[in-house]
Structure formats: structure tokens, C-alpha cells
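Novice: At position 213 of the sequence shown (counting the first as 1) the number is 247 in our numbering, and the numbers step up by one without a gap.
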Amino acid sequence: MNTFPFIENRSILTRTSGFLGEGYTHSLNAYAGCGFSGSLCGSYCYAQHNHWITQGRSWGFYGIKQDIRTAYRRDYDRIKRPQRSQPKSLMIYMSSSTDPYCPQEQRAQVTRALLEEMVIRPPDAIVIQTHGTLITRDIDLIAELAKQSKLWVSLTVETDREQIPGFPAQASSPAKRMEVLAKFRSQGVPTQATVSPLCPIENIQRFAESLERVCDRVILDHYLLGDGSHGLRTRRTSFPQLLAEASFGEWNTMEKFESVLSQFRLVLGEERVLVSAKGFNSI
Numbered sequence: 035m036n037t038f039p040f041i042e043n044r045s046i047l048t049r050t051s052g053f054l055g056e057g058y059t060h061s062l063n064a065y066a067g068c069g070f071s072g073s074l075c076g077s078y079c080y081a082q083h084n085h086w087i088t089q090g091r092s093w094g095f096y097g098i099k100q101d102i103r104t105a106y107r108r109d110y111d112r113i114k115r116p117q118r119s120q121p122k123s124l125m126i127y128m129s130s131s132t133d134p135y136c137p138q139e140q141r142a143q144v145t146r147a148l149l150e151e152m153v154i155r156p157p158d159a160i161v162i163q164t165h166g167t168l169i170t171r172d173i174d175l176i177a178e179l180a181k182q183s184k185l186w187v188s189l190t191v192e193t194d195r196e197q198i199p200g201f202p203a204q205a206s207s208p209a210k211r212m213e214v215l216a217k218f219r220s221q222g223v224p225t226q227a228t229v230s231p232l233c234p235i236e237n238i239q240r241f242a243e244s245l246e247r248v249c250d251r252v253i254l255d256h257y258l259l260g261d262g263s264h265g266l267r268t269r270r271t272s273f274p275q276l277l278a279e280a281s282f283g284e285w286n287t288m289e290k291f292e293s294v295l296s297q298f299r300l301v302l303g304e305e306r307v308l309v310s311a312k313g314f315n316s317i
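1) Spell out a yes or no on whether the stretch 193 to 206 and the stretch 68 to 84 are touching, meaning 3 or more CB-CB pairs, one atom from each, closer than 8 angstroms.
2) So, with DSSP's three-state summary, where would you put GLN143?
3) Reducing DSSP to helix, strand and coil, say where LYS114 ends up.
4) For HIS264 and PHE298, I'd like the C-alpha separation in whole angstroms.
5) Work out the CA separation of SER316 and CYS79 for me, nearest whole Å.
6) Using 8 angstroms for Cβ pairs, my map puts ILE102 next to ALA66. What's the rounded Cβ distance?
7) Cβ atoms of ILE162 and THR59: under 9 angstroms apart, would you say?
8) From PHE314 to TYR106, what does the alpha carbon distance come to, in whole angstroms?
9) Could you tell me whether the stretch 245 to 261 touches the stretch 208 to 218, using the rule of 3 or more Cβ pairs below 8 angstroms?
10) Quick one: using the 10 Å Cβ neighbour count with 16 as the cut-off for buried, is MET288 buried or exposed?
11) Which of the three DSSP states is assigned to LYS210 in this structure?
12) Give the DSSP-derived three-state secondary structure of VAL191 in the structure shown.
13) Use the C-beta contact count for GLU304: other C-beta atoms within 10 angstroms, 16 or more gives buried, fewer gives exposed.
14) State the Cα-Cα distance for the pair GLN120 and ILE235, rounded to the nearest angstrom.
15) Strictly under 9 angstroms for the Cβ-Cβ distance: is SER73 near chain D by that measure?
16) Sort THR37, ASP133, GLU56 by Cα distance to GLY94 and report the nearest one.
17) Taking 7 angstroms as the limit between beta carbons, can you name the residues of its chain near ALA177, skipping five residues before and five after?
18) Hey, quick one: how far does the beta strand (DSSP E) through ARG251 stretch, first residue to last?
19) Under 8 angstroms, with one C-beta from each stretch per pair, do the stretch 177 to 186 and the stretch 140 to 148 reach the 3-pair mark?
20) Any chance you could list the alpha helix (DSSP H) runs of at least 4 consecutive residues sitting entirely within the stretch 224 to 307, in chain order?
Next comes the structure, spelled out in C-alpha cells:
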């Protein structure tokens, strides 16, 4: 049986800055790299531009951080149970440079281990961001944690299309991800869909109506807004060119984004449709 590469670490909570700096105090990434790198989201993933993460390697899955439970306990106690100062706020975004429910999580179960620790040491707030449907495995822990922390289950659903011509397959079916959102919402867990970055949508009206039924709110984003460089990082990837080659060039523009935003707000109401950094930082 193949074993996972392990990465030594003493800390699991990283101070946030930049895009996530307004709403969160820390990000949490249990994996280095991402097992979804070969899917649609890997073609545009902003983390692939972080040289501290990639260290010159092609974007992919690099390994699992060791001693997750111990690292979380240590970091949590330093922040929330300090010996010589007042407790500080702990607002976690999980995850900013990987997916907590990447394929490796099925066997490694490090995200589940973290959730077990969080039930004992709950953060003030946490957003669990994923493309994967494996998150339903942990609905028991997440529902329990939602009673103690301000929590959002956040699934990226960047399109209603099962396949975008010319692009890799998706990490999971958009329809399946919407089923996941509905399942958590039925348990009283706050849910959001992140249409981020905006990808070609087959039927905007129907997509908005589908999301309206399964989640509490939607965050819309475009790579020109959300990649932290006004689109320069994304333009270094094949993503914009692939859109153009598949006759979806208009989806590279802010004009298309504004049109989609208007239609979504007509369906869901303005208060349930948030935009880019302001939306992601609204906990």
C-alpha cells in the first residue's frame, strides 16, 4: 500500500493577510499542495502561484503535515489560553492553499482529526471550504462544531456544467456538490456556494435558482477580482486562453461577471449574493 509523504511542522494555524485578512485571523492547511491539482480547479488555482508552497515544483499534491492534533492544540492554547495575556480571537479559514477534502483525506483522515480537536477546542468562527463531496462523512462533527462556533460549510460550485469543453474534468459533479449543500442546510448548518472563479454557465437563471434552494448565500468572484493581482497571475496560466479557445472568451470579462451578478441578485436577493473579497471575509 502506498504511503503518504509527511511534512514536519510545529504550527498548523497561519496568520492571515491579503485577500483573507479582513475576516480571518488564521488559515489552516493540513495538506501541502492539493490532490485536485489535475482537475478543473487546478487549472486556475491561485495557490499554484505561491512559490513558498510550490518551491519550484509543478502544482500537485506534496504531502500531509505531521502531528496535526498536537499542532492544533498547541496553537489553540497559545491563542485562546495564554498564560500571560488575554485570549485572542480565532477566526479560521480552512483552507487557503489546499482542499481539506482532497482525495487523500479519504484514507488519511487528518481533516476529521482536526474537527475532533475543534469540538473540544472550538474556534470563534470557521469556514470549511471545499470542492469535494467527502465532507458529508464528517457531518456529525461539523453539526456539533456549528453549535459552538460561527461556522459556514462552503462549497465551490463555479459552474452548472458537468464538463467545460477543453478543460479537465471537475473534482466532483456540480449537482453532487449542490446535494451536499442541501444536506448540511437540512441539518441547520449554515451553507454557502462560492461561484469562484466564475466559469462558463450553461443556464444562469436555472443555476441561480438551484443554488437558491440549497444554500443560505452565494459568493460570486472573477479572477480579475480575486486572484490578488488584477488577473496577472491567472493570465500566466492556461485558464484565460482555454476559455477563449472554447469560444467562451466573454467569460474573461468583467462585463459578463456584472451580468451574471445582476441575474443572481434578481433570483436570490441582493443580501444573499456577495462579491469577491468582501464576500469571502463576511463571516
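Just so it is clear, CB atoms sit at the ideal spot from N, CA and C, and this is done for glycine as well. Remember, predicted model here, so these are calculated numbers, not experimental data.
Specialist: Result, derived from the coordinates:
1) Touching, yes.
2) Taking the first residue of the sequence shown as position 1, residue 143 is located at position 109. Note: GLN143 maps to coil in three-state DSSP.
3) Mapped onto the sequence shown, residue 114 falls at position 80. Helix.
4) One-based indexing of the sequence shown puts residue 264 at position 230. One-based indexing of the sequence shown puts residue 298 at position 264. Their Cα atoms are separated by approximately 23 angstroms.
5) For this step, residue 79 is matched to residue 45 along the sequence shown. For this step, residue 316 is matched to residue 282 along the sequence shown. Cα to Cα, the separation comes out at about 21 angstroms.
6) As a position in the sequence shown, residue 102 is number 68, starting the count at 1. As a position in the sequence shown, residue 66 is number 32, starting the count at 1. Their Cβ separation, rounded to whole angstroms, is 12 angstroms, which puts ILE102 and ALA66 out of contact at 8 angstroms.
7) Here the question's residue 59 lines up with position 25 in the sequence shown. Here the question's residue 162 lines up with position 128 in the sequence shown. No, Cβ-Cβ distance for THR59 and ILE162 is not below 9 angstroms.
8) Numbered from its first residue, the sequence shown carries residue 314 at position 280. Numbered from its first residue, the sequence shown carries residue 106 at position 72. Cα to Cα, PHE314 sits roughly 23 angstroms from TYR106.
9) Yes: the two stretches touch, three or more of their Cβ pairs being nearer than 8 angstroms.
10) For the purposes of this step, residue 288 is taken as the residue at position 254 of the sequence shown. With fewer than 16 other Cβ atoms within 10 Å, it is exposed.
11) Stepping through the sequence shown from its first residue, residue 210 is reached at position 176. In the structure shown, LYS210 sits in a helix (DSSP, three-state: H, G or I).
12) Position 157 of the sequence shown, counted from the start, is the residue given in the question as residue 191. Coil at VAL191, not helix or strand.
13) Counting from 1 along the sequence shown, the entry for residue 304 is found at position 270. GLU304 counts as exposed, since fewer than 16 other beta carbons sit within 10 angstroms of its beta carbon.
14) One-based indexing of the sequence shown puts residue 120 at position 86. One-based indexing of the sequence shown puts residue 235 at position 201. Straight-line spacing of the CA atoms in GLN120 and ILE235 works out to 48 angstroms.
15) The question asks about chain D, but that chain is absent: this structure has only one protein chain.
16) Taking the sequence shown and counting its residues from 1, the one referred to as residue 94 is at position 60. Minimum Cα distance to GLY94 is reached at ASP133.
17) Mapped onto the sequence shown, residue 177 falls at position 143. Listed in chain order, the non-local C-beta contacts of ALA177 below 7 angstroms within the same chain comprise GLN221, VAL223, local neighbours out to five positions each way being set aside.
18) Position 217 of the sequence shown, counted from the first residue, corresponds to residue 251. For ARG251, the enclosing beta strand (DSSP E) covers residues 251 to 254.
19) The stretch 177 to 186 makes no contact with the stretch 140 to 148: fewer than 3 CB pairs, one atom from each, lie closer than 8 angstroms.
20) DSSP runs (the alpha helix (DSSP H)) wholly in the stretch 224 to 307: 238 to 248, 257 to 260, 266 to 269, 273 to 279, 288 to 302.
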